[in-house]
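Q: Quick one: structure below, then a few questions.
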Amino acid sequence: MSINRLPAKLFRANTFALAKALLGQYLVRQTGKNVLMGKIVETEAYYGPHDLASHASRGQTKRTKLMFDLPGLAYIYLIYGMYYCFNITTEKKDFPAAILIRAIEPIAGIKQMYKNRKITLAKYPKLNTQITNGPGKLCQAFKIDKKLNGENLIISKKLYLAKNPQGKIKPSQIVKAKRIGVDYAGKYKHKLWRYYLKNNQFISHK
DNA sequence: CCTGGGATTTTCT
DNA sequence: GAAAATCCCAGGA
15 MSINRLPAKL FRANTFALAK ALLGQYLVRQ TGKNVLMGKI VETEAYYGPH
65 DLASHASRGQ TKRTKLMFDL PGLAYIYLIY GMYYCFNITT EKKDFPAAIL
115 IRAIEPIAGI KQMYKNRKIT LAKYPKLNTQ ITNGPGKLCQ AFKIDKKLNG
165 ENLIISKKLY LAKNPQGKIK PSQIVKAKRI GVDYAGKYKH KLWRYYLKNN
215 QFISHK
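Mapping the first sequence onto the numbering used here, position 132 (from 1) lands on 146, and the numbers just tick up by one.
Laid out in C-alpha cells, this is it:
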C-alpha cells in the first residue's frame with residue numbers, strides 16, 4: 015500500500031475547512047516495526063480565543079501553548095486523569111485553534127490495536143466498530159500519549175497523515191453536529207463544529 | 001432506550 | 001480543591 019502524506023499546504027487551511035478535509039484521510043502510527051493505520055471518520059473544531067469549549071478560552075498556559083503554535087502539530091493532553099485526546103493544531107501562530115480527532119475506522123494493525131486497548135475480541139464481538147470510536151479509545155489503540163505532544167505531523171515518522179487512496183469525500187457525505195462533552199460552554203455548546211461521515215459505523219456518537 | 005457514578009491525575013484557581 | 005474536549009458498567013424503564 016503506497017503512502018502519500020497530506021501536503022503541508024493543507025494544514026494551513028481554515029480550521030473548519032481542514033476539519034472536513036481530514037475526514038476520510040488516514041492516520042498512520044509507526045512504533046518500531048508496527049504500523050497502525052486508520053481512516054479518520056469524525057473530527058471537532060475548537061476555534062479562537064472566545065470559544066468557551068476550547069482550552070484556549072482561558073488564555074495561553076503551559077498546557078495550551080501548542081494551540082497557539084504553528085499548524086500541523088500534535089496537541090495531546092490528558093483528560094479525566096485517564097485518557098489522552100489527540101488534536102491537530104491549525105491557524106497561524108498566536109491564533110489558538112485545533113481539531114480533535116474523535117473517531118477512526120481501523121484499517122491496518124487491528125490486532126495490535128486490540129492489544130494496546132487491552133481488550134479481547136470476546137468483549138467486542140461485533141466487528142471492530144468499538145475499538146477506536148472515541149478520542150480516548152483511539153489514542154489508546156494508536157499508542158498516542160504525552161510523549162508525542164508537539165510532534166510535527168507534517169514531517170514526523172512516528173505519527174502522520176496520509177491521503178485516502180480512494181480520493182476525496184463528497185460534501186454530501188459529511189454530517190455537521192454539536193460537539194460532545196462541552197455542556198459547560200455557554201452559547202458555544204450549540205455550535206455545529208463536529209463533523210462525521212454519514213452512515214459510518216465507526217463514529218463515536220450520532 | 002436512558003441515567004448516574006467511579007476511575008484517576010494534571011492543570012489551574 | 002475543583003474541574004476536566006472520556007469511558008465503562010450497573011440499574012431502571
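Cβ coordinates follow ideal geometry from the N, Cα and C atoms, glycine included. Model, not experiment: these values are computed from the prediction.
1. DSSP three-state label for K53, please.
2. What is the DSSP secondary structure of I121, reduced to helix, strand or coil?
3. Take every Cβ of the stretch 50-64, pair it with every Cβ of the stretch 109-125, and state whether three or more of those distances are shorter than 8 Å.
4. In the DSSP assignment, what residue or residues form a beta bridge with R19?
5. Short of 7 Å in beta carbon distance, which residues of its chain neighbour L206, apart from the five on each side in sequence? Order them along the chain.
6. Taking all protein chains shown into account, do 16 or more other C-beta atoms lie within 10 angstroms of the C-beta of R77, making it buried, or fewer, making it exposed?
7. Quick one: is L37 buried, meaning 16 or more other Cβ sit within 10 Å of its Cβ, or exposed?
8. Mind reading off the beta-carbon distance from T104 to L32? Whole number of angstroms is fine, and I expect it under 8 Å.
9. Need the endpoints of the alpha helix (DSSP H) that A191 sits in, please.
10. Would you mind working out which of K79, T146, L87 sits nearest F216, comparing C-alpha positions?
11. By Cβ distance below 6 Å, which residues in the same chain neighbour S68 in space, the five residues on each side in sequence not counted?
12. Three-state secondary structure (DSSP) at N147?
13. Spatial neighbours of A155 within its chain, please: C-beta separation below 6 Å, excluding the five flanking residues on both sides.
14. Cβ-heavy atom distance between K106 and the ligand SAH below 6 Å?
15. In whole angstroms, what is the alpha-carbon distance linking K161 and Y97?
16. Pick helix, strand or coil for T45, following the three-state DSSP scheme.
A: In this structure, then:
1. strand
2. strand
3. yes
4. A176
5. K190, A191, K192
6. exposed
7. buried
8. 6 Å
9. A191 -> not in any alpha helix (DSSP H); beta strand (DSSP E) instead, spanning 188-191.
10. T146
11. Y60
12. coil
13. M127, N130, R131, I145, T146
14. The model on display carries no ligand, and the ligand SAH is accordingly not part of it.
15. 14 Å
16. strand
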